[in-house]
Amino acid sequence: MNNTPTPRQHPRPHHLLDAVRKIEDQGDGAPQVAEAPDASSALGGYTAPALVHDWLPVYAGAERVLEQMIHALPDASIYSLIDYIPEEQRGFLQGKPVHTSFIQSMPFSKQLYRYYLPFAPFAIEQFDLREHDVVVSSSYAVAKGLLTRSDQLHVSYVHSPMRYAWDLYHDYLEQSNLTRGVRGFMARALMHYMRLYDSTSASRVDVYVANSQYVARRIWKTYRRRAHVVYPPVDVDAFALQTDKEDYYLTMARLVPYKRVDLIVEAFAAMPDKELIVIGSGPELDSLKEQAGPNVTLLGYQPDEAVQYYMQHARAFVYAAEEDFGIAPVEAQACGTPVIAYGRGGVLETVVPGQTGLLYAQQTAAHIADAVSCFESDEARFEPAQIRAHAEQFGPDRFRSTFSTLIDTAYDAFQTKAPWDVSDALASSL
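Residues 1 to 430 (UniProt numbering) are what the sequence shown spells out, left to right.
Right, dumping it as structure tokens:
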């Protein structure tokens with residue numbers, strides 16, 4: 001690691017809110033992300049920043065966001081509790097080394113890293129970040145709990161507060177069969193400890209950034225802190241528009257309980273004349289195979305080329321999870337494929353009912369089946385080119401520009417304002 005910091009130059013806007021403006025609802029209901037200002041003046045730069053990510057087991061959704069953060073902050077050093085990214089997936093790190101914690105050397109940490117969650121708060125605090133003027137945490141667990149000095153800016157991009165410890169606590173216990181017995185007691189005690197830690201560490205962040213308005217509300221509910229919204233990047237260019245659709249429905253997700261793929265499979269079991277293709281792997285794969293009827297095909301993990309093909313040619317994309325944002329529905333829309341989704345969470349900000357998809361009100365198989373029937377009765381209204389145009393606003397270029405500007409603006413304000421004014425000024429645009 002090169003310990004010689006490289007300063008960067010950063011524009012000073014005339015006013016903090018000139019750079020990061022309020023997310024507004026345009027007439028068509030499409031969310032609008034803050035845009036970079038036209039800056040002409042310069043301020044002294046900060047040393048190469050730190051990017052601190054919870055875990056790096058595989059290249060998945062949160063890692064795609066980290067990839068674009070690296071593009072936005074190319075001088076950054078990367079830290080993570082563990083790094084087991086397979087060699088063939090490491091390209092997104094751009095050859096950068098990853099500084100890991102002691103958990104990396106613990107027994108079986110590659111396969112069982114989640115079992116080291118009780119040690120994660122302690123481990124994240126051991127990273128020595130003193131050489132960095134700016135620290136950015138990419139957090140869905142403990143990364144926001146890192147330690148910084150009073151003269152270091154800490155911006156936390158929160159993918160989600162710990163769902164399993166807070167608002168989905170009872171769902172997590174129930175779906176994991178941890179409602180009783182010794183294992184259940186231990187899980188409850190651990191979650192109590194994690195809530196105490198999560199609440200305490202919330203004060204270590206100077207500026208919160210949420211990946212959706214939905215998560216911003218959850219941050220307020222959990223930490224009583226305001227957050228600015230920067231939607232995560234979606235590689236819409238990899239999912240080309242396709243106007244010729246085939247006669248099948250598609251869902252794609254990690255096969256874990258909260259994704260509720262079981263409800264989609266159940267719904268299509270009641271509609272044997274309609275074909276469903278399921279892409280994804282996970283612990284529920286075997287049980288879903290037992291549940292699936294002859295009209296349901298479970299493909300397991302598929303490479304990017306196959307995913308793109310099925311997304312492009314699907315009649316509609318069906319989704320049942322209550323997601324913080326939901327990248328897969330946006331990828332489907334980039335292909336011009338309508339989305340049929342549960343009307344809670346991030347899809348309320350990415351799917352325009354009646355234009356780019358349909359939303360159903362309750363998370364049940366019956367409501368999914370009704371939504372599919374409703375879609376087929378008025379399918380002609382969904383114009384693939386219009387759906388694609390809506391998805392383009394979530395592209396990676398917009399994320400890079402907005403995120404880089406937000407960091408620069410926050411640092412400029414951090415140098416000239418009281419720390420609490422930095423957070424308030426950014427968040428007041430919400």
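The C-beta atom is built at its ideal place from N, Cα and C for all residues, glycine as well.
Candidates Val-155, Lys-221 and Val-278, of which the one nearest Leu-255 by Cα:
Val-278
Spatial neighbours of Thr-179 within its chain, please: C-beta separation below 6 Å, excluding the five flanking residues on both sides.
Leu-173
Which residues in the same chain as His-159 place their Cβ atom closer than 6 Å to its Cβ, once the five residues preceding and following it in sequence are excluded?
Ala-62, Tyr-140 and Asn-211
Does the stretch 387 to 399 come close enough to the stretch 183 to 200 to have 3 or more Cβ pairs within less than 8 Å?
no
Can you name the residues that DSSP bridges to Val-278?
Thr-251 and Leu-298
Considering Cα atoms alone, identify which of Asp-206, Pro-329 and Glu-349 is closest to Ala-133.
In the sequence as presented, Ala is not what sits at residue 133; that position holds Asp. Nearest of Asp-206, Pro-329 and Glu-349 to Asp-133, Cα basis: Asp-206.
DSSP three-state call for Leu-51: helix, strand or coil?
strand
So the alpha helix (DSSP H) Gly-357 belongs to, where does it begin and stop?
Premise fails: Gly-357 lies in the beta strand (DSSP E), 357 to 360, not in any alpha helix (DSSP H).
Given a threshold of 16 other Cβ atoms within 10 Å of its Cβ, counted over all protein chains shown, does Ala-189 qualify as buried or as exposed?
exposed
Given a threshold of 16 other Cβ atoms within 10 Å of its Cβ, counted over all protein chains shown, does Gly-345 qualify as buried or as exposed?
buried
What three-state label does DSSP hand Ala-210 in the structure shown?
strand
Which of the three DSSP states is assigned to Lys-22 in this structure?
For Lys-22, the predicted model reports a pLDDT of 39, less than 50, meaning its position is unreliable and no value from the coordinates is stated.
Tell me whether the stretch 331 to 345 and the stretch 311 to 322 touch, counting them as touching only if at least three CB pairs, one residue from each stretch, are closer than 8 Å.
yes
Would you identify the three-state DSSP class for Ala-227, choosing helix, strand or coil?
strand
Per DSSP, what are the beta-bridge partners of His-154 in this structure?
Val-135
Quick check: the stretch 61 to 78 against the stretch 100 to 114, are at least 3 beta-carbon pairs closer than 8 Å?
no
In terms of alpha-carbon separation, which member of Asp-397, Thr-409 and Val-352 lies closest to Tyr-231?
Asp-397
Using the Cα positions of Phe-119 and Phe-399, report the straight-line distance between them to the nearest angstrom.
33 Å
With burial defined as no fewer than 16 other Cβ atoms inside 10 Å of the residue's Cβ, what is the status of Met-162: buried or exposed?
buried
Quick check on Phe-382: does DSSP put it in helix, strand or coil?
coil
Can you look up Ile-82 in the DSSP assignment and give me helix, strand or coil?
coil
Excluding sequence positions up to five away, which residues of its chain have a Cβ less than 6 Å from the Cβ of Val-236?
Ala-334, Ala-391, Glu-392 and Gly-395
Rounded C-alpha distance that separates Val-261 from Glu-246
21 Å
How many whole angstroms separate the CB atoms of Ala-410 and Leu-153, which I take to be in contact at a CB cut-off of 8 Å?
6 Å
Nearest CA to the CA of Ala-240: which residue from Pro-272, Ala-306 and Gly-181?
Ala-306
Please tell me whether, using a cut-off of 7 Å, the distance from the CB of Asp-370 to the nearest non-hydrogen atom of the ligand MN is below it.
Ligands in the displayed structure: none, and consequently the ligand MN is not present.
Contact criterion: CB-CB distance below 8 Å. Does Tyr-214 meet it with respect to chain D?
Chain labels in this structure do not include chain D; a single protein chain is all it has.
Report the CB separation of Gln-175 from Pro-257 in whole angstroms; it is logged as a contact under 8 Å.
4 Å
Keeping to the same chain, check which residues put their C-beta closer than 8 Å to that of Leu-168; ignore five residues upstream and five downstream.
Tyr-258
Helix or strand or just coil, what does DSSP make of Thr-402?
helix
Quick one: what's got a C-beta closer than 6 Å to residue 447's C-beta in the same chain, skipping five residues either side?
Outside the shown range of the chain (1 to 430) lies residue 447, about which nothing can therefore be said.
Grab me the residues of Val-265's own chain with a C-beta within less than 6 Å of its C-beta, minus the 5 sequence neighbours each way, in chain order.
Leu-288, Gln-291, Ala-292 and Val-296
Tell me, please, whether the stretch 320 to 332 touches the stretch 219 to 228 by the rule of three or more beta-carbon pairs shorter than 8 Å.
no
Provide the residue(s) that pair with Val-98 in DSSP beta bridges, ordered along the chain.
Ile-78
Secondary structure at Leu-263, three-state DSSP: helix, strand or coil?
helix
Residue from Ser-377, Leu-51 and Ala-187 whose Cα sits closest to the Cα of His-170:
Ala-187
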